[in-house]
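Report on the following structure.
Numbering (the UniProt record's numbering), first residue to last: 1 to 173.
Right, dumping it as structure tokens:
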């Protein structure tokens, strides 16, 4: 890809992320093109439809999260799980979750999602073994609960919902 085309694509994705964060999922492709300072034709040359744009954003966010989980292996499991949740709150996971009802997901994203979920479940299990996360729920359920907190519009690391969810997952003496 030419350097200018790559820059345009990056501007489109960055603008889409900014607008989705500010206004939610109902942002139009015209708004995204305008925010990126590009014509709508340029946007559609890179992304034939809204779903293609959101899929690219989803894969990018999942790759960042996978890498962050790998970095957290050096941290005690309970702390690592809290840091993973903090990372999630800064990602467009609500937008990604909105894709679920829009038809079948591409295999690449499904494989990446399964990998991320497996790594996160391993982290949750390690935190349970460590005694910092409740042991009365399965690791997969821990992930579902965390997902409810961070895969919603406006999720932030320190917001009340996220704090209450993390507090509820802590093991009690």
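The beta carbon of each residue, even a glycine, is placed where N, CA and C say it ideally should be.
- With the rule of 3 Cβ pairs closer than 8 Å, the region 112-123 counts as touching the region 74-93.
- Per the coordinates, the alpha-carbon of residue 29 lies some 8 Å from the alpha-carbon of residue 43.
- The region 101-115 makes no contact with the region 140-160: fewer than 3 CB pairs, one atom from each, lie closer than 8 Å.
- DSSP lists 133 as the beta-bridge partner residues of residue 170.
- Contiguous beta strand (DSSP E) elements confined to the UniProt domain "HTH tetR-type" (6-65) do not occur, taking only those with 3 or more residues.
- Here DSSP, grouped into helix, strand and coil, assigns residue 73 to helix.
- Between residue 115 and residue 66, the beta carbon gap of about 6 Å places them in contact (Cβ cut-off 8 Å).
- For the pair residue 21 and residue 92, the CB atoms are nearer than the 8 Å cut-off.
- Annotation: the continuous alpha helix (DSSP H) that includes residue 144 extends over 139-150.
- Contact check for residue 135 and residue 89: beta-carbon distance about 25 Å, past the 8 Å limit, so the pair fails to qualify.
- Nearest neighbour of residue 159 by Cα position, chosen from 127, 85, 130 and 138, turns out to be 85.
- Bounds of the alpha helix (DSSP H) holding residue 94 are 93-98.
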